[in-house]
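Everything on this sheet refers to the single structure shown next.
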Amino acid sequence: MLYLIGLGLSDETDITVKGLGIVKKAARVYLENYTAILLVETKVLEEYYGRPVIVADREMVESDSDSILKGAETEDVAFLVVGDPYGYPPPPSSPVLPLPPLFPPLFPPPP
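Residue numbers (my numbering): 1275 to 1385.
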């Protein structure tokens, strides 16, 4: 399973308890490191999490994302982003496809 985990905006202690638990058990941990910069160095995260953190630069995220996803079907992979993971923008080269609605509209569109 691939987990997108928000780190907050300041330092290593801003991660949620649930996110920290996933980081500690994941097979690999990546830190997205080009759309925003965390206020602490990667080695501080590694010391706090008790494990290595792979820095995912722009090249890796945009051109080598298969290496991040490799094995995510059978093992947990954590992808850390600064701030909120739902605010993480896709690379400009990524196609943005609309999702079908989950529920029918409450009101029909106007004529």
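Even glycine gets a Cβ: it sits at the ideal position worked out from N, Cα and C.
(request) Pull up the DSSP beta-bridge partners for Val1297, would you. (result) Per DSSP, none; premise fails for Val1297.
(message) Taking 8 Å as the threshold (beta carbon to beta carbon), is Gly1295 in contact with chain C?
(response) The structure shown contains no chain C, having only a single protein chain.
(request) Quick one: give me the first and last residue of the beta strand (DSSP E) that Val1355 is part of. (result) Val1351 to Val1355
(message) Considering only their Cβ atoms, is the gap separating Leu1281 from Val1356 smaller than 8 Å?
(response) yes
(message) For Glu1315, tell me which candidate among Val1329, Ser1337, Val1303 and Val1291 has the shortest Cα-Cα distance.
(response) Val1329
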